[in-house]
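Q:
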Amino acid sequence: MANREKSGYTIIYASVMVIIVALGLALTHMGLKPQQVRNENIDKMQQILRSLNIDANNKVAEQQYNELITNAYLISADGQKVEGTEGITPENPAFSGEEAAKGVPVFEAEIDGSKKYILSMNGTGLWGAIWGYLAIESDGSTVYGAEFGNAGETPGLGAEIVEPEFRNQFIGKELIKNNEFKSIAVVKPGQSVSDRDYVDGISGGTITSKGVDNMLFNSVKKYDSFLMNLHSDNQ
Amino acid sequence: MALLSGKTKEALLGPLNKNNPVIVQVLGICSALAVTSKLEPAIVMAIAVTVVTALGNVVISLLRKTIPNRIRIIVQLVVVAALVTIVSEVLKAYAYDVNKQLSVYVGLIVTNCILMGRLEAFALGNGPWASFLDGIGNGIGYGWILVAVGFVREIFGSGTLFGHEVIPQSFYNMGYENNGFMMLAPMALILVAIIIWIHRTKNKELQEEA
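Protein chains in written order, with this note's numbering: chain A, 735 to 969; chain B, 1058 to 1267.
1) Return the first residue and the last residue of the beta strand (DSSP E) that V1249(B) is part of.
2) Please check if any C-beta of chain A sits within less than 8 Å of the C-beta of E1266(B).
3) List, in chain order, every chain B residue whose beta-carbon is nearer than 8 Å to that of M751(A).
4) What whole-angstrom Cβ distance do G765(A) and A1139(B) have, given they're in contact under 8 Å?
5) Just how far apart, CA to CA, sit L1096(B) and F1228(B)?
6) In the segment 1141 to 1156 of chain B, which residues sit with their C-beta less than 8 Å from some C-beta in chain E, listed in chain order?
7) Tell me, to the nearest whole angstrom, how far the beta carbon of G857(A) is from that of F960(A); I am working on the premise that it is less than 8 Å.
8) Under a Cβ-count criterion, where at least 16 other Cβ atoms within 10 Å of its own Cβ denotes burial, should P923(A) be classed as buried or exposed?
9) Suppose you measure from the CA of F1238(B) to the CA of R1129(B); what does that come to, to the nearest Å?
10) Of the residues S966(A), K740(A), G883(A) and A748(A), which one's Cα is nearest the Cα of G862(A)?
11) In angstroms, rounded to a whole number, what distance separates the CA positions of N792(A) and A748(A)?
12) Note the first and the last residue of the continuous beta strand (DSSP E) segment covering N884(A).
13) Residues of the segment 848 to 878 of chain A with a CB closer than 8 Å to any CB of chain B: list them in chain order, please.
14) What's the call for P898(A), buried or exposed, on a 16-neighbour Cβ count within 10 Å?
15) Taking C-alpha atoms, which residue in L1172(B), V1092(B), L1263(B) and F1219(B) lies nearest to L1112(B)?
16) Spatial neighbours of A806(A) within its chain, please: CB distance less than 8 Å, with the 5 preceding and 5 following residues excluded, ordered by chain position.
17) Look at the alpha carbon of G837(A) and the alpha carbon of V816(A), and state the distance between them as a whole number of angstroms.
18) With contact counted as at least three CB pairs below 8 Å, one residue from each stretch, are the segment 778 to 791 of chain A and the segment 865 to 882 of chain A in contact?
19) Tell me where the alpha helix (DSSP H) around N856(A) begins and ends.
20) Which residues mark the beginning and the end of the beta strand (DSSP E) in which F977(A) is found?
21) Take the Cβ of G1273(B) as the centre, count every other Cβ of all protein chains shown within 10 Å, and call the residue buried at 16 or more, exposed below.
22) Since Y1233(B) is in the alpha helix (DSSP H), which residue starts that stretch and which ends it?
23) Identify, in the order they occur along the chain, each residue of the same chain with its Cβ nearer than 8 Å to the Cβ of I905(A), setting aside the five sequence neighbours on each side.
24) Excluding the five sequence neighbours on either side, which residues of its own chain have a C-beta within less than 7 Å of the C-beta of A1089(B), listed in chain order?
25) Enumerated in chain order, which unbroken segments of the beta strand (DSSP E) with a length of 3 residues or greater are wholly contained in the segment 751 to 835 of chain A?
26) For A893(A), collect the residues of the same chain with a Cβ closer than 7 Å to its Cβ; drop the 5 residues on either side in sequence, then sort them by chain order.
27) Could you check if M1231(B) is buried or exposed, using at least 16 other CB atoms within 10 Å of its CB as the buried criterion?
28) Can you check whether the C-beta of A893(A) is within less than 8 Å of a C-beta belonging to chain B?
29) Starting from V920(A), follow the beta strand (DSSP E) in both directions and report where the run begins and ends.
30) Consider the Cβ of A1089(B): report whether some Cβ of chain A lies at a distance smaller than 8 Å.
31) Give me the DSSP bridge partner(s) of V933(A).
32) Among K944(A), S872(A), V771(A) and S854(A), which has the Cα closest to the Cα of I809(A)?
33) How would you label L1119(B), buried or exposed, when you count the other beta carbons within 10 angstroms and need 16 or more for buried?
34) Check for me: the beta strand (DSSP E) holding I864(A) runs from which residue to which?
35) Residues in the same chain with beta-carbon distance under 7 Å from L1159(B), minus the five sequence neighbours each way, listed in chain order, please.
36) Go ahead and label E1211(B) buried or exposed: buried means 16 or more other beta carbons lie within 10 angstroms of its beta carbon, across all protein chains shown.
Written out as structure tokens, the structure reads:
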């Protein structure tokens, strides 16, 4: 065997090793990719269902999603449906998040004969991304349910936004006041705001709560025209 | 054929008790705190670490006569990192929910001192079979502490096991409450300390001079 301590041997050894390892990892990744994508899609369906106050486990989520969600599409800034973006399957732009330049996604659901609209939200918390889904009644203003997720907020503090105790506060709150989009404020527990509906934030999770507050305004603002159209149609 | 001769037997069984990586060598404490608030992630983590330690040991043991001494730590790291990435990918594909609970801690197996410790101290100087047993032994030695801590924390912290209610409703009606402190990381440290206390009481030779 070659001298183990020679530089040439060391360099060749290292090179061959990384090539073999890289090849092995690439193959593993490609082999498992379809299953992983499936899991991610099911996770997203579970989140959308939770915004409708339905806690589906990962075995029934896909079926329930297909039953309840009747349509999905992108809407443009002026509140109109973007042509050619309809469809609820993971390949369609509303679900996949592709073609985000064209508009923001809306999912339509039918629950007990009444229509709900599910909006998607994105923002930042303290440590990283937060996101969520907001289900709105057909009046374009009243919240039917809310779901939040986070990439890495502090467990026990900021990460509490995913818990039903926080989420359920949004039910029945109104986004539109006096024919103007106001969103819903997240305030320090005990405080209040006068011009819009509000919910209590998380004690000790101030920055995450602030992030949810911003997300509720900035992301839902993009649906402004869409919601106002719904609102005026129903008055 | 002595599959389990004195030395290999010691490699397998030593880490379970007198040479335990967590309660005697005090390695891998960080993940023991982080993933033990529930039993299921604790078990998955235990299995993941056992698999990585065992396979890493075997690979390094097979390569031990070829590895250039100057880059041996790098070689060990690459092997461990590759194995951990594979484990992480497999979990993402087949145990997505648990993987979400474990979050970064699967990736952080790479930095678990038990692994590098075993590769450096054992696999570089022993054959593949003994190294394999040593890896399994250390993985299980680490794992049983995690499972014990996870069991206590879940049952007293959430009143559940594997997510199923085990504390009867009548207890709650009588005023029993789940102990929120169990869910916090310091409690894991206290539980590990209690295990160490009992263990040292039984094994007086492990006690340090005061």
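Virtual Cβ for every residue (Gly too), placed ideally from N, Cα, C.
A: Taking the definition as stated:
1) Against the second sequence, residue 1249(B) aligns to sequence position 192. Taken as a continuous stretch (DSSP letters only), V1249(B) belongs to no beta strand (DSSP E), being part of the alpha helix (DSSP H) at A1242 to K1259.
2) Along the second sequence, one-based indexing puts residue 1266(B) at 209. So no, E1266(B) is outside the interface.
3) Translated into positions along the first sequence, residue 751(A) becomes position 17. Within 8 Å Cβ-Cβ: V1132 and V1135.
4) Locating residue 765(A) in the first sequence gives position 31, where the first residue counts as 1. Locating residue 1139(B) in the second sequence gives position 82, where the first residue counts as 1. In fact, because the Cβ distance is near 15 Å, the residues do not count as touching under 8 Å.
5) One-based indexing of the second sequence puts residue 1096(B) at position 39. One-based indexing of the second sequence puts residue 1228(B) at position 171. Answer to the nearest angstrom: the Cα atoms are 22 Å apart.
6) Among the chains of the structure shown, chain E does not appear; the protein chains present are A and B.
7) Reading the first sequence from its first residue, position 123 is the one you call residue 857(A). Reading the first sequence from its first residue, position 226 is the one you call residue 960(A). Incorrect: roughly 19 Å between the Cβ atoms, too far for contact.
8) Taking the first residue of the first sequence as 1, we reach residue 923(A) at position 189. Per the 10 Å Cβ criterion, exposed.
9) Locating residue 1238(B) in the second sequence gives position 181, counting from the first residue. Locating residue 1129(B) in the second sequence gives position 72, counting from the first residue. A straight line joining the alpha-carbon of F1238(B) with that of R1129(B) spans about 43 Å.
10) As a position in the first sequence, residue 862(A) is number 128, starting the count at 1. Proximity to G862(A) across S966(A), K740(A), G883(A) and A748(A) peaks at G883(A), based on C-alpha coordinates.
11) Reading the first sequence from its first residue, position 58 is the one you call residue 792(A). Reading the first sequence from its first residue, position 14 is the one you call residue 748(A). Going by the C-alpha atoms only, they are around 43 Å apart.
12) Locating residue 884(A) in the first sequence gives position 150, where the first residue counts as 1. Where N884(A) is concerned, the enclosing beta strand (DSSP E) stretches over V877 to N884.
13) none
14) Mapped onto the first sequence, residue 898(A) falls at position 164. Exposed, since its Cβ has fewer than 16 Cβ neighbours within 10 Å.
15) The residue given as residue 1112(B) occupies position 55 in the second sequence. Ranking L1172(B), V1092(B), L1263(B) and F1219(B) by Cα distance to L1112(B) puts L1172(B) first.
16) Mapped onto the first sequence, residue 806(A) falls at position 72. For A806(A), same chain residues with a beta-carbon under 8 Å away, outside a window of 5 residues either side, are E820, G821, I822, N826, A828, F829, P839, V840, F841 and E842 in chain order.
17) Numbered from 1 along the first sequence, position 103 holds the residue referred to as residue 837(A). Numbered from 1 along the first sequence, position 82 holds the residue referred to as residue 816(A). Rounded to whole angstroms, G837(A) to V816(A) spans 7 Å at the Cα level.
18) Judged by Cβ distances under 8 Å, the segment 778 to 791 of chain A makes contact with the segment 865 to 882 of chain A, as three or more pairs qualify.
19) Position 122 of the first sequence holds residue 856(A). It is not in any alpha helix (DSSP H) - N856(A) instead sits in the beta strand (DSSP E) that spans S848 to T858.
20) Since the first and last residues shown for chain A are 735 and 969, residue 977(A) lies out of range.
21) Residue 1273(B) falls outside the range modelled here, since chain B spans only 1058 to 1267, and no answer is possible.
22) As a position in the second sequence, residue 1233(B) is number 176, starting the count at 1. Premise fails: Y1233(B) is in no alpha helix (DSSP H) and is neither H nor E.
23) The residue you call residue 905(A) lines up with position 171 of the first sequence. The beta carbon of I905(A) sits closer than 8 Å to those of N787, V877, Y878, G879 and A880, all from its chain and outside the five residues before and after it, given in chain order.
24) Here residue 1089(B) refers to the residue found at position 32 when the second sequence is read from its first residue. If we look at A1089(B) and ignore the five residues flanking it on each side, its Cβ neighbours are V1079, I1202, L1203, V1206, A1245 and V1249.
25) 803 to 809
26) Start at 1 with the first residue of the first sequence, and residue 893(A) comes out as number 159. Short of 7 Å from the beta carbon of A893(A), and not among the five residues preceding or following it, lie these beta carbons of its own chain, in chain order: N884 and E887.
27) For the purposes of this step, residue 1231(B) is identified with residue 174 of the second sequence, where counting begins at 1. Classification of M1231(B): exposed, given that the 10 Å Cβ count is below 16.
28) As a first step, residue 893(A) must be located in the first sequence, where it is residue number 159. Cβ-Cβ to chain B under 8 Å: no for A893(A).
29) Translated into the one-based positions of the first sequence, residue 920(A) becomes position 186. Residues A919 to V921.
30) Start at 1 with the first residue of the second sequence, and residue 1089(B) comes out as number 32. Not one chain A Cβ lies under 8 Å of A1089(B).
31) Looking up residue 933(A) in the first sequence gives position 199. BP columns for V933(A) point to V920(A).
32) Looking up residue 809(A) in the first sequence gives position 75. Answer by Cα proximity: S854(A).
33) Here residue 1119(B) is taken as the residue at index 62 of the second sequence, counted from 1. Exposed, by the Cβ-count rule.
34) Along the first sequence, read from residue 1 onward, the residue named residue 864(A) stands at position 130. Its beta strand (DSSP E) spans residues A863 to E871.
35) Position 102 of the second sequence, counted from the start, is the residue given in the question as residue 1159(B). V1092, P1098, V1101 and M1102, listed in sequence order.
36) Within the second sequence, the letter at position 154 stands for residue 1211(B). Burial call: buried.
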